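Using this note's numbering, the letters of the sequence shown map in sequence onto residues 5 to 301.
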Amino acid sequence: MAFGAKLHPVSYARCHDEVSAAESMGRWALSHREEPAARWVIATINDGGNVAPLLWAARWAGYVFPRVVLGQKLCAALMATKAPGDVLGDLRPPWPAYLIDVPHGLLMVPDISGSALVSLDLLCVHHESDGIRVMLRSRSSMIILADRAESWAAALLDEDDELDVWAQQHSLPIDDQHKRALECAWRLAIGVELEMDDRSNVKPPRARTKRDAQRRSIADNTHMLVRNVDLDCRDAIGAYVSGRAQRAPSVRTLVRGHWKRQPVGPASADRKWIHVEPYWRGPQDGPLAIGVHRIRE
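Right under this line is the structure:
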């Protein structure tokens with residue numbers, strides 16, 4: 005947070021587009037080499053790194069660090085939900101740059117060694133002037149997975165669609181597991197923006213302590229999404245991201261959630277996006293959960 009607060013006055017406080025903000029940030033860094041933040045900017049540029057995380061941090065600071073928190077079951081349900089193409093025109097981002105707290109352990113990917121897994125717990129969403137970028141980050145390491153799209157259409161992904169993925173962790177190799185994690189991140193970002201459009205789902209920020217109530221704190225801009233979810237999709241998301249094969253024989257089919265336009269208002273003249281949760285296909289229209297039974301003779 006302190007890093008973004010340092011960069012915002014020398015970037016987005018002076019410019020509105022990403023190119024101008026990056027150029028302004030670079031000029032400031034070259035003239036303030038003695039400052040740690042400036043040295044970090046210079047090192048990122050010299051190493052050929054992507055400045056997208058720096059731009060996001062600066063813009064996030066400009067909106068006083070908005071953060072969205074949600075429970076594990078709701079988060080997994082949104083990751084298991086595919087949005088239709090006509091949802092794009094109805095999206096209203098709560099902020100141009102914000103952070104989503106991903107429940108720990110939900111998105112696990114290999115680290116640079118390939119022998120250990122790290123949890124991607126931070127989803128950074130940045131509505132840029134000509135597109136949207138999402139970045140998945142880990143609290144425990146420097147791993148950053150990012151994907152940029154010219155429209156939200158990149159979030160409407162099927163399993164065989166391609167992602168333009170960029171990674172930064174000392175040349176972290178990108179594999180299918182990383183791409184599946186980013187696919188879930190796109191769906192989560194869309195779901196959060198649609199959920200926050202219904203203010204009844206959002207618990208407003210409030211001071212956690214009496215001291216916080218007396219002075220503005222970071223907690224003042226933390227918003228919690230609260231909605232009960234019937235089906236627990238956490239295991240299904242974990243299995244999908246990891247690429248684990250389902251055990252034979254097949255159990256019931258998990259039907260992916262979706263967004264639906266519901267008529268509302270007088271004479272049903274208006275429309276509202278509602279979330280149809282993922283569900284198990286039932287006994288009438290799909291296979292039941294069964295097991296392997298062996299009878300001893």
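Glycine included, C-beta positions come from ideal geometry on N, C-alpha and C. Only a predicted model underlies this, so the values are computations on that prediction, with no experimental measurement involved.
Residue i to residue j span [Cα, whole Å]
{"i": "K77", "j": "R238", "result": "7 Å"}
{"i": "L103", "j": "V233", "result": "22 Å"}
{"i": "D115", "j": "N225", "result": "31 Å"}
{"i": "L161", "j": "S142", "result": "Residue placement at L161 is flagged as unreliable, the pLDDT there being 40, under the threshold of 50; the coordinate-derived value follows with that caveat. If you take the alpha carbons of L161 and S142, they lie about 23 Å apart."}
{"i": "M5", "j": "R184", "result": "28 Å"}
{"i": "R265", "j": "I278", "result": "6 Å"}
{"i": "V245", "j": "V122", "result": "13 Å"}
{"i": "D164", "j": "N54", "result": "With a pLDDT of only 41 at D164, under 50, the local geometry of the prediction cannot be trusted, and the value read off the model is given with reservation. One C-alpha to the other measures close to 26 Å."}
{"i": "S155", "j": "I136", "result": "The predicted model places S155 with a pLDDT of 41, which falls under 50 and marks its position as unreliable; any figure quoted below should be read in that light. Cα to Cα, the separation comes out at about 6 Å."}
{"i": "K86", "j": "L140", "result": "19 Å"}
{"i": "H227", "j": "V72", "result": "5 Å"}
{"i": "V113", "j": "Q181", "result": "6 Å"}
Test item: CB-CB of residue i and residue j under 8 Å
{"i": "L59", "j": "E22", "result": "yes"}
{"i": "G242", "j": "L126", "result": "no"}
{"i": "P100", "j": "C79", "result": "no"}
{"i": "G261", "j": "P282", "result": "yes"}
{"i": "H12", "j": "A62", "result": "yes"}
{"i": "L95", "j": "L124", "result": "no"}
{"i": "S15", "j": "S35", "result": "no"}
Terminal residues of the beta strand (DSSP E) in which residue i lies
{"i": "I104", "result": "A101 to D105"}
{"i": "L229", "result": "T226 to L229"}
{"i": "V113", "result": "M112 to P114"}
Those residues which DSSP pairs with residue i across a bridge
{"i": "C128", "result": "L103 and M139"}
{"i": "R265", "result": "W277"}
{"i": "V72", "result": "I104 and H227"}
{"i": "V122", "result": "V113"}
Range of the contiguous alpha helix (DSSP H) that encloses residue i
{"i": "L82", "result": "Q76 to M83"}
{"i": "G247", "result": "First-last for G247: undefined, no H or E at that position."}
Exercise for review: Spell out a yes or no on whether the segment 188-202 and the segment 33-43 are touching, meaning 3 or more CB-CB pairs, one atom from each, closer than 8 Å.
Suggested key: Touching, no.
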